[in-house]
Structure formats: C-alpha cells, structure tokens
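Below: one structure, written as structure tokens.
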Amino acid sequence: MSAANTGLKCSGCGVGVQTEEKAALGYVPKAALERKPLVCQRCFRMKHYNEALSVTPNQNEFLRLLGGVGDTDSLVVHIVDIFDFEGSLIGGLQRFVGSNPVVLVVNKIDLLPPGVNPNRIRNWVQRRAKEEGLRTVEVLLVSAKRGTGFERLAETLEAHRRGRDVYIVGATNVGKSTLVNRLIADYSDLDAEVTVSSYPGTTLDLIHIPLDDEASVIDTPGIVYETRLTERVPKRYLEGIVPSRPVKPASYQLDAEQTLFFGALARFDFVEGAHQSFTCYVSPALTIHRTKLAKADALYAEHAGELLQPPAKEDLSALPPLTRHRFRVKPGTDVDLYIAGLGWIRANGTSGATVDVHAPKGVKVIMRDALI
Ligand code: GDP
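For the sequence shown, the residue numbers in the working numbering are 104 to 475.
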C-alpha cells in the first residue's frame with residue numbers, strides 16, 4: 104500500500120490521501136485534490152456507483168484504536184443494529200472503554216413491525232446488554248435512516264458529554280456512517296460527508312469531526328464480525344438478506360418433523376413437540392420454503408442454489424457448510440432462535456419443543472428471550 108503523500112484525509116473514510124498509486128487506498132487524482140469535500144476514489148465510486156471495492160479494515164488495528172479509548176476522558180456511543188443485536192454488540196467493550204460512560208444507541212428501529220412497544224424493546228436491550236457485561240448510562244432507540252430519535256440523541260449526548268470528545272463505535276453495517284452524517288448535519292458546521300454504503304468495512308481510520316467547541320465526534324472504523332451471516336455471503340446478496348422495510352412476521356403452524364428453509368442460507372427443523380406456531384422475522388425479500396424433515400436433506404442436496412435461493416448455485420461454494428444447533432424450548436417460555444445477520448424464529452413455548460437450527464459454520468446461533 105502506498106503511503107499518504109499529501110497530508111490530507113478523505114472525508115468519506117478517513118484514510119490518508121495519496122495521488123500516486125491508483126489501485127491503493129486513499130487514491131485521489133491530482134486534479135481532484137482541490138475538491139471540497141475531498142473524498143478518495145474508493146469513496147467517490149462507492150457513493151456514486153455503489154461499487155464494492157473490497158478493502159477490509161485490519162482488525163488488530165481496530166482493537167488498537169478501541170483500546171486507546173480507555174485512555175481518554177470521553178463519552179462512548181456504541182451503535183448496534185436492532186435487527187442483528189447479538190451480531191453487532193461489541194463483546195468486551197466494557198474492557199476497552201475503561202470508566203468512560205457508554206450510551207447504547209439501537210439503530211434501525213424502523214425495521215421493527217409497526218405497533219411494537221418501544222418501552223418493551225428498550226427494556227429488552229437494557230437487560231441483554233447487562234447480560235453481555237455492558238454497563239450503559241442510557242439506551243436510545245433511533246432510526247438513522249428516518250431521523251427518528253435524533254432530538255433525544257442530541258440531548259443525551261450533550262447531557263453526558265460535558266465538554267468531552269464523543270467516540271462512536273460499532274460493528275460494520277449497523278448504520279454508523281448514516282448516523283454520523285446526521286449528527287454532522289445537526290451538530291457541526293463541517294461540510295463533510297462520511298461514506299455510506301451497504302458494503303461492510305467502509306470506514307478505515309479515525310475520523311475527527313469537530314464539534315462547535317474544543318471537542319470532536321470521533322468515528323472509528325467498523326469492526327467486522329464474521330459470526331454474522333451477512334459477512335459470509337457474497338456482497339451482492341445483502342440486499343435480499345438485510346431488510347430495508349419493516350419486517351413482516353410470518354407465522355407457520357407446524358407439526359413435529361417439519362422443516363423451514365430460508366433460501367439456501369439456513370434451515371429450521373421442528374424436531375419434537377405438539378402442533379404449534381413459529382413466527383419468522385426475516386427480510387421480506389427472503390423466500391421461506393416449507394417441507395418435511397425426512398425430505399429436507401435430499402431437498403437441500405438437490406435444490407440448493409435453485410429452488411432454495413439465495414445464494415445461486417455458482418455461489419454456494421462460497422458459503423460455509425450448514426451446521427446444526429439443537430435447542431430445547433421449555434414449556435411456558437417465549438424465545439427467539441436467532442441467526443446472526445439473518446433474523447430470528449420466535450417460538451411460543453406453550454407446550455415446549457425440540458428444534459434444530461442449521462446455519463453456515465461460524466455464524467452465531469443462539470436462543471434468547473423473545474424480543475417481540
Ligand atoms: P456502517 O457500516 O455502520 O457505517 O453503516 P452505513 O451507514 O454504511 O449503513 C449500512 C446500511 O444500513 C446501509 O444500507 C444503510 O442504508 C442502512 N441503514 C443505516 N441506518 C439505517 C436505519 O436507521 N434503518 C434502516 N432500515 N437501514 C439503515
């Protein structure tokens with residue numbers, strides 16, 4: 104990689120700008136150096152052509168940056184995605200931030216079905232964050248896309264910041280750039296724009312966005328969690344997996360020994376239990392295919408990549424093989440079988456059930472208290 108030779112930084116991703124090596128990070132044609140805001144060619148293309156240029160931020164670098172936060176006196180804003188809570192929560196964040204307060208900002212609430220009680224969601228998030236070892240001074244529900252919850256967010260940041268810098272941390276694709284852009288619009292005079300794309304790993308270095316006074320909002324690169332399905336499929340499938348509209352719960356009345364396929368990406372087997380309903384919360388763009396458990400293996404072997412899509416046949420080999428996770432839903436408990444990056448299946452455990460969830464190897468699959 105060629106070193107930055109201009110001393111300038113891209114206002115899209117924060118990388119040092121260079122004018123020499125076209126294929127390397129931070130390239131800006133000499134003639135374009137005067138442009139304001141100055142963006143590197145990668146950000147420019149991503150913005151204008153939504154083109155994925157695969158540069159993955161170095162995770163050691165990310166942890167080094169995050170580790171530095173503990174040495175500062177600052178407010179930490181951790182952004183998570185409500186549709187992918189466990190996949191986007193930074194495990195061990197508490198260790199990195201030291202004694203700095205953490206505001207947990209839960210983004211993409213526009214994806215929840217209409218009519219969901221926000222207090223219930225907030226309480227659920229608070230409880231889950233605590234279970235995961237994260238102490239928060241506040242939990243806020245927002246939609247960076249729609250601008251929902253931003254007034255409250257701005258007030259909360261002011262109240263807890265007390266003149267200090269604000270560090271924004273989050274996994275890739277949680278909507279960090281979208282949110283920071285709104286914050287810039289609300290907070291700062293700076294004429295900069297952070298690059299937003301649906302491809303993970305867009306922000307590459309710390310971006311300092313001056314606030315009105317001495318302090319800055321500091322955007323950190325997104326951490327890439329390969330435990331999310333969204334990091335395991337070729338990028339062109341993301342639009343079919345990550346919902347862009349509110350999720351419509353899809354209920355299935357199942358008998359034991361029935362199976363649901365989610366494209367060729369995941370599979371849910373109702374192994375044992377009385378007739379009952381299971382509700383799927385996945386992207387409306389994803390086709391759910393129902394079959395008998397006894398036929399499921401053969402169906403996958405013969406039709407994955409065709410009847411069962413995404414991904415298409417030619418991309419199946421890029422997907423790690425499905426592995427099985429067994430869960431026992433106790434009678435009287437409401438739980439989600441959650442597949443990181445894909446969504447979840449809610450079991451109304453009135454009478455109990457044994458279920459198997461098959462997901463690509465390495466993708467996080469857990470049973471948790473029902474979100475909705
Ligand atoms: P980053 O990787 O965390 O910086 O995420 P981006 O800001 O680039 O956003 C990633 C994807 O999530 C893009 O497709 C955004 O349009 C989408 N996104 C961001 N915020 C929201 C939101 O509030 N709601 C929904 N539905 N999508 C969002």
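All residues carry an ideal CB built from backbone N, CA and C; glycine is no exception.
Within 10 angstroms of the Cβ of residue 219, are there 16 or more other Cβ atoms? Answer buried if so, exposed if not. exposed
Residues near residue 442 by beta carbon distance below 7 angstroms, same chain, minus five either side: 332, 369, 460, 462, 466 and 468
On the DSSP bridge assignment, give the partners of residue 224 in chain order. Beta-bridge pairing links residue 224 to no other residue.
Give the secondary structure of residue 340 by DSSP, where H, G and I count as helix, E and B as strand, and everything else as coil. helix
Report back the beta-carbon spacing between residue 275 and residue 325 to the nearest angstrom; my notes put them in contact at under 8 angstroms. 4 angstroms
For residue 446, three-class secondary structure by DSSP: Residue 446 falls in the strand class under three-state DSSP.
Same chain, Cβ closer than 8 angstroms to residue 49, neighbours up to 5 away in sequence not counted: Because the chain spans 104 through 475 in this model, residue 49 falls outside it and cannot be assessed.
At a threshold of 8 angstroms, does residue 346 count as lining ligand 1 (C-beta to nearest heavy atom)? yes
Tell me the DSSP secondary structure of residue 458 in three-state form. strand
Start-end ranges of the alpha helix (DSSP H) lying completely within the stretch 334–379, minimum 4 residues: 341–344
Outcome for residue 226 when other beta-carbon atoms lying within 10 angstroms are tallied against a minimum of 16: exposed
With DSSP run on the structure shown, which of helix, strand or coil describes residue 191? helix
Beta-carbon gap between residue 272 and residue 179 smaller than 9 angstroms: yes
Hey, quick one: how far does the alpha helix (DSSP H) through residue 198 stretch, first residue to last? 196–200
Three-way DSSP call (helix, strand, coil) for residue 113 in this model: coil
Work out the CA separation of residue 323 and residue 86 for me, nearest whole Å. Residue 86 falls outside the range modelled here, since the chain spans only 104 to 475, and no answer is possible.
Terminal residues of the alpha helix (DSSP H) in which residue 259 lies: 253–264 is the extent of the alpha helix (DSSP H) around residue 259.
Just to confirm before moving on: does the CB-CB distance between residue 475 and residue 221 stay below 9 angstroms? Between residue 475 and residue 221, the gap from beta carbon to beta carbon reaches 9 angstroms or more.
In terms of DSSP beta bridges, what is residue 241 paired with? Its beta-bridge partners are 206.
Going by DSSP, what residues sit across from residue 273 in a beta bridge? According to DSSP, residue 273 bridges with 182.
Using a Cβ-based criterion (distance less than 8 angstroms to any ligand heavy atom), does residue 279 qualify as near ligand 3? With respect to small molecules bound, the structure shown includes ligand 1 and not ligand 3.
Exposure label - residue 393; buried when at least 16 CB within 10 Å: exposed
Check whether the Cβ atoms of residue 373 and residue 396 lie closer than 9 angstroms to each other. yes
Separation of residue 194 from residue 445, as counted between CA atoms: 19 angstroms
Measure the alpha-carbon distance for residue 424 versus residue 129 and round it to whole angstroms. 36 angstroms
Using only the alpha-carbon positions, how far apart do residue 168 and residue 390 sit? 40 angstroms
Given that a residue counts as buried once 16 or more other Cβ atoms are within 10 Å of its Cβ, and exposed if not, what is residue 319? buried
If we ignore side chains and look at the alpha-carbon of each, how far apart do residue 294 and residue 140 end up? Because the pLDDT at residue 294 is just 48, under 50, the model does not fix this residue reliably, and the value given afterwards should be weighed accordingly. Computed Cα separation, rounded: 7 angstroms.
Please list, in chain order, all residues of the same chain as residue 248 whose beta carbon is under 8 angstroms from its beta carbon, the five residues on each side excluded. 211, 213, 278 and 281
Assumed close pair residue 455, residue 376 - CB separation to whole angstroms, cut-off 8 angstroms: 6 angstroms
Would you say residue 361 and residue 453 are within 9 angstroms of each other, going by their C-beta atoms? Not a contact, by the Cβ cut-off of 9 angstroms.
Is the CB-CB distance between residue 448 and residue 403 below 9 angstroms? no
Comparing alpha-carbon positions, which option in 422, 451 and 430 lies nearest residue 436? 451
For residue 233, verify whether its CB is less than 8 angstroms away from any heavy atom of ligand 1. no
Is any heavy atom of ligand 1 found at a distance shorter than 8 angstroms from the C-beta of residue 282? yes
Secondary structure at residue 323, three-state DSSP: helix, strand or coil? coil
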